[in-house]
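Participant: First the structure, which I've put down as structure tokens, then a few questions once you've had a look.
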Amino acid sequence: MDNPHEGFGGKLRGVAGQGFSVIGHDYLDAVRKAGAIPLGIPVGDLDACQELVAAVDGIVLAGGEDIDPVRYGARIDMRCSALAPERDEYELKLLEAALAANTG
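If you're matching positions, the sequence shown starts at 72 in our numbering and goes up one per residue.
This is the structure in structure tokens:
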């Protein structure tokens with residue numbers, strides 16, 4: 072039996088004008104230890120989310136910045152850490168694509 076392939080979204084990191092998709096080694100190692108093959112899904116390619124998610128057996132949404140409270144009807148307060156609206160949008164697209172693939 073082939074090992075499952077797990078798609079990873081990543082954090083948005085970068086330097087002046089150049090972005091990066093970053094996935095922590097702890098996440099990759101844990102997926103490998105569980106017998107799956109980790110595959111990165113490029114951050115920011117919203118149009119390709121459905122096709123990319125269809126090519127893997129599951130997705131992993133790693134921890135990181137807080138989800139913008141405005142997305143669930145709350146206000147930003149002092150308990151919020153860094154926000155990453157682009158990452159929120161990207162990970163929600165990944166989640167929607169995964170749910171559609173599972174029910175399609």
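Note that beta-carbon positions come from the ideal geometry of N, C-alpha and C, so glycine has one too.
#1: Nearest by alpha-carbon distance to A133: which of L166, A119, L170 is it?
#2: According to DSSP, is D137 part of a helix, a strand, or is it coil?
#3: Secondary structure at P109, three-state DSSP: helix, strand or coil?
#4: Determine the direct distance from the alpha carbon of N74 to that of D116, and round the result to whole angstroms.
#5: Could you tell me which of E157, D97, A105 sits nearest to I138, measuring between CA atoms?
#6: Can you tell me whether G78 is buried or exposed, with buried defined as 16 or more other CB within 10 angstroms of its CB?
#7: Determine which residues share a DSSP beta bridge with L154 and list them.
#8: Candidates V93, A169, E160, I112: which alpha carbon is nearest V141's?
#9: Between A169 and V102, which are expected to be in contact by the criterion C-beta below 8 Å, what is the C-beta distance as a whole number of angstroms?
#10: Does DSSP put V93 in a helix, a strand or coil?
#11: Please classify G106 as buried or exposed, where buried requires at least 16 neighbouring CB atoms within 10 angstroms.
Facilitator: So, to answer that:
#1: Here residue 133 corresponds to residue number 62 of the sequence shown, with the count starting at 1. That would be L166, whose Cα lies nearest to the Cα of A133.
#2: The residue you call residue 137 lines up with position 66 of the sequence shown. Looking at D137 - three-state DSSP - the assignment turns out to be strand.
#3: Numbered from its first residue, the sequence shown carries residue 109 at position 38. Look at P109 here: in three-state DSSP terms it is strand.
#4: The residue you call residue 116 lines up with position 45 of the sequence shown. The residue you call residue 74 lines up with position 3 of the sequence shown. Each residue's alpha carbon lies about 26 Å from the other.
#5: Here residue 138 corresponds to residue number 67 of the sequence shown, with the count starting at 1. Of the listed residues, the one whose Cα sits closest to I138 is E157.
#6: The count along the sequence shown starts at 1 and reaches residue 78 at position 7. That one is buried.
#7: Position 83 of the sequence shown, counted from the first residue, corresponds to residue 154. DSSP output for L154 lists D137 as bridge partner(s).
#8: Here residue 141 refers to the residue found at position 70 when the sequence shown is read from its first residue. Among V93, A169, E160, I112, the Cα nearest to that of V141 is on E160.
#9: Position 98 of the sequence shown, counted from the first residue, corresponds to residue 169. Position 31 of the sequence shown, counted from the first residue, corresponds to residue 102. 16 Å between Cβ atoms; not a contact.
#10: In the sequence shown, counting from the first residue as 1, residue 93 sits at position 22. It is a strand residue.
#11: The count along the sequence shown starts at 1 and reaches residue 106 at position 35. That one is exposed.
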